[in-house]
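*Asks:*
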Amino acid sequence: MNKQMLYQILDDLATEAIPVAGNPWETIRKRLNTNNKLLVFRKGGEHKVRFTKKPHWAAETGILILFLVFVMMVSFPQGRAWAQELLQFFVRGPDQILLPTPLPVNLVNITPGTVQPTLTPITSQEQGFAFYDFCGGLPEPSCSGEEIRDMVDFPIKGIADLSADMQFIGATGGPEAVTLVYQYGEPNSVTLLLQEGPATDAARQAVQVGSSAVVEQVQINNALGEYVKGTYFSYGGDATASWTEDFDLQSLRWEEDGMLCTLTMMGQADLQSVKLDKTGLIDLAASLTEEVKLSPKKTINEETESVAEVEKKAGFQIKEPEWLPQGLQFKKVTYLADQKAICLEYTFPVDQLTDAMPDTSVSILESAEMSPPDLKDLVFTNLQPEQVLLKQSTLKVGGAIEGTGLHAFGSIDGSRVCGSRMQNQVLEVQMEGLNITILAKENNPFGSTSRDWLTKQEMVRLAEGITGIQTIKENQIDPEFLTSLTVLQQVAQFPLKSATKLPEGMNFYYAQFEQNGEQQEAQIHYNNGNHETIIRQIKDSRDTLQELIRQNPEIYHSVTVHGQPAILSQGYWDQDGWRDFPNGGDGSASVIWFEDGIEYIVGGFNAYSDEIWLEIAESLK
Amino acid sequence: MDEEQAINLLKQGYINGLEFLVNRYYFKAVHTAYLIVLDKFQAEDVVQTVFLELPKKIKLFKSDSAFKPWFLRVVVNAAKNNAVKHARMVSLPVDFENGDDFPEALFQKSEMLPEDQIETREMRQTVLKALEQLNPQQRAVIVMRYYLQMNENEMVGELDRPKSSIKWWLHTAKESLKVKLNELKPESGITQTNHDEPDKGVNRE
Numbered sequence: 001m002n003k004q005m006l007y008q009i010l011d012d013l014a015t016e017a018i019p020v021a022g023n024p025w026e027t028i029r030k031r032l033n034t035n036n037k038l039l040v041f042r043k044g045g046e047h048k049v050r051f052t053k054k055p056h057w058a059a060e061t062g063i064l065i066l067f068l069v070f071v072m073m074v075s076f077p078q079g080r081a082w083a084q085e086l087l088q089f090f091v092r093g094p095d096q097i098l099l100p101t102p103l104p105v106n107l108v109n110i111t112p113g114t115v116q117p118t119l120t121p122i123t124s125q126e127q128g129f130a131f132y133d134f135c136g137g138l139p140e141p142s143c144s145g146e147e148i149r150d151m152v153d154f155p156i157k158g159i160a161d162l163s164a165d166m167q168f169i170g171a172t173g174g175p176e177a178v179t180l181v182y183q184y185g186e187p188n189s190v191t192l193l194l195q196e197g198p199a200t201d202a203a204r205q206a207v208q209v210g211s212s213a214v215v216e217q218v219q220i221n222n223a224l225g226e227y228v229k230g231t232y233f234s235y236g237g238d239a240t241a242s243w244t245e246d247f248d249l250q251s252l253r254w255e256e257d258g259m260l261c262t263l264t265m266m267g268q269a270d271l272q273s274v275k276l277d278k279t280g281l282i283d284l285a286a287s288l289t290e291e292v293k294l295s296p297k298k299t300i301n302e303e304t305e306s307v308a309e310v311e312k313k314a315g316f317q318i319k320e321p322e323w324l325p326q327g328l329q330f331k332k333v334t335y336l337a338d339q340k341a342i343c344l345e346y347t348f349p350v351d352q353l354t355d356a357m358p359d360t361s362v363s364i365l366e367s368a369e370m371s372p373p374d375l376k377d378l379v380f381t382n383l384q385p386e387q388v389l390l391k392q393s394t395l396k397v398g399g400a401i402e403g404t405g406l407h408a409f410g411s412i413d414g415s416r417v418c419g420s421r422m423q424n425q426v427l428e429v430q431m432e433g434l435n436i437t438i439l440a441k442e443n444n445p446f447g448s449t450s451r452d453w454l455t456k457q458e459m460v461r462l463a464e465g466i467t468g469i470q471t472i473k474e475n476q477i478d479p480e481f482l483t484s485l486t487v488l489q490q491v492a493q494f495p496l497k498s499a500t501k502l503p504e505g506m507n508f509y510y511a512q513f514e515q516n517g518e519q520q521e522a523q524i525h526y527n528n529g530n531h532e533t534i535i536r537q538i539k540d541s542r543d544t545l546q547e548l549i550r551q552n553p554e555i556y557h558s559v560t561v562h563g564q565p566a567i568l569s570q571g572y573w574d575q576d577g578w579r580d581f582p583n584g585g586d587g588s589a590s591v592i593w594f595e596d597g598i599e600y601i602v603g604g605f606n607a608y609s610d611e612i613w614l615e616i617a618e619s620l621k
Numbered sequence: 001m002d003e004e005q006a007i008n009l010l011k012q013g014y015i016n017g018l019e020f021l022v023n024r025y026y027f028k029a030v031h032t033a034y035l036i037v038l039d040k041f042q043a044e045d046v047v048q049t050v051f052l053e054l055p056k057k058i059k060l061f062k063s064d065s066a067f068k069p070w071f072l073r074v075v076v077n078a079a080k081n082n083a084v085k086h087a088r089m090v091s092l093p094v095d096f097e098n099g100d101d102f103p104e105a106l107f108q109k110s111e112m113l114p115e116d117q118i119e120t121r122e123m124r125q126t127v128l129k130a131l132e133q134l135n136p137q138q139r140a141v142i143v144m145r146y147y148l149q150m151n152e153n154e155m156v157g158e159l160d161r162p163k164s165s166i167k168w169w170l171h172t173a174k175e176s177l178k179v180k181l182n183e184l185k186p187e188s189g190i191t192q193t194n195h196d197e198p199d200k201g202v203n204r205e
């Protein structure tokens, strides 16, 4: 049905119900003349409006009686006992529970160059929120209080008095319940979730806690609620989860005015401005009010200064790059008085539906006076010197003094200058009259499934976009981001293999090629929207399989691929040692073997069983 | 008298101005209200009340903008509020529920084939039933978008709500309408037949 057809049907429906006939003015005029009218007309004079108020005594009395019954119920000992029986927000279960068995993974045949459909929906991303497309999910939903209030037909309360180190992040949810997210202190140090929704039978379903959990009954205004500390905890890949009271997770549930509320706090209770232990949470719960405007910290409409305004403060000419990577958009410019510099921030596309403002992807620090920051001033402050990993190189940059810039990546914290903590690569360039520092995420460092990182070549192009001297051609091949297997094969000087079987929904994403002396490495990245599978092929690599097994027998297991000896590992290190997850779970997975002088590594996020990884490895042709 | 004169007269308290506006906009307004409240009598009451209050509200109307969209916004809001208030009391006209007294004039006027007429009639009833199952807010955005043919930006201006709210309302309304239409389709036997094309599934000798 198209729009025109729907218009016609609506018009027909309305016209059929109320035909265009009769004299409507006569009806209106009669109503104007009746004694019962609200409006008294005086030709040429003032209009007087008479309001009448109907008493709603019946409804009000009914509510009052219900309220008195409730007060009596919870005031008298027997009534309170009965209320205690009723108000069970948590229910005891075993201390150890079985976790759901992961869904089986289907491997499908792959023809290079053809795209298999992406599996939808990816429920882990939607997190079960009906408003996900509009408000995003946890931990950083993007809807404001005003927006979420428009989406549901029940009242939403929020925290009225936010302490200085606390902020409202955003809201999401569905028609049955919404979740407001608050954060305290440093990003993600303490997160507070407030879930609210009508107290329906479905919503009242008690939350299971361990048999050893200490559930305390508490009072929130006139309502009784329950408080518990702890959670069921498991490592990825575990078949069971255990109730852990020591975990920094507190939950408070109560029902008030027909609404069921759950306040969950993750993180340390002792904060600078407020103590959010049991008492602190109860006080917070009691102070919730509808009379609060919930404005997220990030909105696309946040007021920012213009380049001209900032330029005036800085006292030098700001140079914006003439070239930007595809999709990168200007976010804001700020003057940093202490650094006598300005900071240009850029981000990859915003979500047009939610107007969400994503984190800064690229920052450019410009100063006419101050030299680019010393690299040691850019690394994370909490690292010991021996923990700092920095890989430095000199890159050719057109228009720069001496034609070069200093590039580094590793333990860099972009927020120490003007960016985000996720930015872990930097390019420092000095040109006549201006010092430039560019910060960005490096080479998909966290296995991200979205393109919000920059290659070295793109960093240089950005710098040259500022100096005005471009040395990189428009369609020059970027070895860090090759868009097809054909181009990868052209660049690599040895025959390459690719997977002929992959998990359903997994597709070619991009490829990379790197040469270090005689050694060449080709990487093929596949992606299914959730995580990556990577195939690495290294020419002139030393065979260290036996060495690896001998040194780390708990990590590597001996297998065979294409009839060759191979090793396989799945899991990760924690404080108790290596955790092995042969059926998939947290950490990473890799299958390594040598064939015709080439080292092959198939791996990625540990999402599949040993058998699946081996089958992918065997499918390489 | 033209519209501008009528509005000026009404602003000065002259009833003649109201008469002009009633004659010009009554039916569009009452049809708009009907699609939201889904009750003929309530729709008429809503619109008549809006007209009765117009001499007072007209002061809020800025003369440099168009009257029709401003006025229809007032109608939409009044109808929506009325529908929310009477949510549990909405009654369908008997003729639509039973289909007994369905106006035949429309079909007689047209040159449609009998099967097309039945199909169109069933489609209308299906849309009506689907509208019934939406909430008043959803019906209001559907009416604004598809009956009053406003774009999203105009709706943002008219409803004074964030664009994301409008998008969300439209999205839920459209999704609900789609679901309801799909649920109702097999029951009413509606098919998307194109009578200009021969039936490819039948061998013709």
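Chains as they are written, first to last, in the UniProt record's numbering: chain E, 1 to 621; chain L, 1 to 205. Positions of the beta carbon are idealized from the N, C-alpha and C atoms, including for glycine.
So, is E:V108 buried or exposed, given that buried needs 16 or more other C-beta atoms within 10 angstroms?
*Replies:* The residue is exposed, with fewer than 16 neighbouring Cβ atoms inside 10 Å.
*Asks:* Measuring only between beta-carbons, confirm whether E:E147 sits less than 8 Å from chain L.
*Replies:* Answer yes: the Cβ-Cβ gap between E:E147 and chain L drops below 8 Å somewhere.
*Asks:* Could you check how far apart the C-beta atoms of E:R253 and E:E216 are, in whole angstroms? I think they sit under 8 Å.
*Replies:* Actually they are not in contact, since the Cβ atoms of E:R253 and E:E216 sit about 12 Å apart, beyond 8 Å.
*Asks:* Identify whether L:A29 lies in helix, strand or coil by the three-state DSSP scheme.
*Replies:* Three-state DSSP puts L:A29 in a helix.
*Asks:* Rounded to the nearest angstrom, how far is the Cβ of L:A43 from that of L:V37, given a contact under 8 Å?
*Replies:* The Cβ separation is near 5 Å, so the contact holds.
*Asks:* Cβ of E:L482 within 8 Å of Cβ of E:F513?
*Replies:* Yes.
*Asks:* So, at 6 Å on beta carbons, what are the nonlocal neighbours of E:V602 in its own chain, with the 5 sequence-adjacent residues on each side left out?
*Replies:* Taken in chain order, the residues that qualify are I535, V591, I616, A617.
*Asks:* For a contact defined as C-beta to C-beta under 7 Å, what are the partners of E:R31 on chain L?
*Replies:* Ordered by position in chain L, the residues that pass the 7 Å Cβ test against E:R31 are Q48, L52.
*Asks:* Looking at the secondary structure, which residues open and close the beta strand (DSSP E) in which E:R536 lies?
*Replies:* Taken as a continuous stretch (DSSP letters only), the beta strand (DSSP E) holding E:R536 covers 532-539.
*Asks:* In three-state DSSP terms, what is L:W168?
*Replies:* DSSP places L:W168 in helix when its eight states are reduced to three.
*Asks:* Going by CA-CA distance only, name the one from E:G517, E:Q470, E:V379 that's closest to E:S411.
*Replies:* If we check each option's Cα against that of E:S411, E:V379 comes out closest.
*Asks:* Determine whether the beta carbon atoms of E:V178 and E:G93 lie at a separation below 8 Å.
*Replies:* Their beta carbons are not under 8 Å apart, which means E:V178 does not touch E:G93 by this criterion.
*Asks:* Flag L:V22 as yes if its beta-carbon sits less than 8 Å from any beta-carbon of chain E, otherwise no.
*Replies:* It does: the Cβ of L:V22 has a partner Cβ on chain E nearer than 8 Å.
*Asks:* Between which two residues does the beta strand (DSSP E) containing E:W613 stretch?
*Replies:* Careful: E:W613 lies outside any beta strand (DSSP E), inside the alpha helix (DSSP H) at 610-618.
*Asks:* Going by C-alpha distance, which of E:E311, E:L328, E:A499, E:P19 is nearest E:Y335?
*Replies:* Considering only alpha carbons, the answer is E:E311.
*Asks:* Would you report the Cα separation of E:P139 and L:D39, rounded to the nearest angstrom?
*Replies:* About 45 Å.
*Asks:* Quick one: using the 10 Å Cβ neighbour count with 16 as the cut-off for buried, is E:V362 buried or exposed?
*Replies:* Buried, by the Cβ-count rule.
*Asks:* May I ask you to list, following chain order, the residues of the stretch 146-165 of chain E that have a beta carbon less than 7 Å from some beta carbon of chain L?
*Replies:* Residues passing the 7 Å Cβ filter: E146, E147, D150, M151.
*Asks:* Can you name, in chain order, every residue of its own chain whose Cβ lies under 7 Å from the Cβ of E:A440, other than the five neighbours on each side?
*Replies:* Cβ within range, chain order: S361, V362, Q423, Q425, W453, L454, M459.
*Asks:* From the beta carbon of L:S165, is the nearest beta carbon of chain E less than 8 Å away?
*Replies:* So, interface residue.
*Asks:* Cβ closer than 7 Å: which chain L residues qualify as neighbours of E:L6?
*Replies:* Under the 7 Å cutoff, chain L gives Y146.
*Asks:* Measuring only the C-alpha atoms, how far is E:M265 from L:V50?
*Replies:* Approximately 50 Å between the Cα atoms of the pair.
*Asks:* At a CB-CB cut-off below 9 Å, which residues of chain C make contact with E:K3?
*Replies:* Looking for chain C here will not work: the only protein chains present are E and L.
*Asks:* State the Cα-Cα distance for the pair E:Y600 and E:L614, rounded to the nearest angstrom.
*Replies:* Between E:Y600 and E:L614, the C-alpha separation is close to 12 Å.
*Asks:* Should E:G587 be labelled buried (16 or more other beta-carbon atoms within 10 Å of its own) or exposed?
*Replies:* Looking at its Cβ environment, which holds 16 or more other Cβ atoms inside 10 Å, E:G587 is buried.
*Asks:* Mark E:E518 as exposed unless 16 or more other C-beta atoms lie within 10 angstroms of its C-beta, in which case mark it buried.
*Replies:* Exposed: under 16 other Cβ atoms inside 10 Å.
*Asks:* Please name the residue, chosen from E:P296, E:A239, E:I342, that lies closest to E:E369 on a Cα-to-Cα basis.
*Replies:* Minimum Cα distance to E:E369 is reached at E:I342.
*Asks:* What are the boundary residues of the beta strand (DSSP E) that E:C343 is part of?
*Replies:* Start and end: 341-347.
*Asks:* Taking 8 Å as the cut-off, does the stretch 458-477 of chain E touch the stretch 428-443 of chain E (at least 3 CB pairs, one atom from each stretch)?
*Replies:* Touching, yes.
*Asks:* Assuming residue 208 of chain L and L:L10 are in contact, meaning their beta carbons sit under 8 Å apart, how far apart are those beta carbons, in whole angstroms?
*Replies:* Only positions 1 to 205 of chain L appear in the structure, and residue 208 of chain L is not among them; the question remains open.
*Asks:* Ignoring anything shorter than 3 residues, give me the beta strand (DSSP E) runs that lie fully in the stretch 135-199 of chain E, in order along the chain.
*Replies:* Qualifying beta strand (DSSP E) stretches, in chain order: 166-173, 178-184, 190-198.
*Asks:* Which residues mark the beginning and the end of the beta strand (DSSP E) in which E:W243 is found?
*Replies:* First-last of the beta strand (DSSP E) with E:W243: 240-244.
*Asks:* I need the DSSP call for E:M5, collapsed to helix, strand or coil.
*Replies:* E:M5: helix per DSSP, three-state reduction.
*Asks:* Please list the terminal residues of the continuous alpha helix (DSSP H) segment that includes E:R579.
*Replies:* From DSSP, E:R579 is part of no alpha helix (DSSP H) but of the beta strand (DSSP E) over 577-580.
*Asks:* What does L:V30 touch in chain E if you count any residue whose Cβ is under 7 Å from its own?
*Replies:* Simply I18.
*Asks:* Grab the span of the beta strand (DSSP E) containing E:F605 for me, first residue to last.
*Replies:* Per DSSP, E:F605 belongs to the beta strand (DSSP E) from 598-605.
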